[in-house]
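Novice: There's a structure below that I have some questions on.
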Amino acid sequence: MTPLKHKKILTIALIASVGIFFAINAKKQMNKIENNYETVKGDPLKARIYTLDNGLKVYLTSYADAPRVQTNIAVRAGSKNDPADA
Numbered sequence: 204m205t206p207l208k209h210k211k212i213l214t215i216a217l218i219a220s221v222g223i224f225f226a227i228n229a230k231k232q233m234n235k236i237e238n239n240y241e242t243v244k245g246d247p248l249k250a251r252i253y254t255l256d257n258g259l260k261v262y263l264t265s266y267a268d269a270p271r272v273q274t275n276i277a278v279r280a281g282s283k284n285d286p287a288d289a
């Protein structure tokens, strides 16, 4: 085997190894995210409630018959929610 062919084989093996590593890591991250949610018993929409690191709650519901995305953002902001010493 010539050194050039040997180098090509090593390069391909390295690229494949890196790809497999990233695929496994992505799967682990996805499992971590998928298992980190709350539900409400008796909810007909079966919403998943995720809490982000900054405290923001994300409600996720799936509708198989309506392929669209809708977002609503409600925040506690304004003078009513300011601390008393502000």
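Going by our numbering, the sequence shown opens with residue 204, and the numbers climb by one from there. Positions of the beta carbon are idealized from the N, C-alpha and C atoms, including for glycine. No experiment lies behind these values; they were computed from the predicted model shown.
Per DSSP, I252 is paired with what?
Specialist: Note: I252 sits in a beta bridge opposite E241 and Y262.
Novice: To the nearest angstrom, report how far apart A280 and D288 are at their CA atoms.
Specialist: C-alpha separation (whole angstroms): 16 Å.
Novice: In whole angstroms, what is the alpha-carbon distance linking I215 and N284?
Specialist: Cα to Cα, I215 sits roughly 58 Å from N284.
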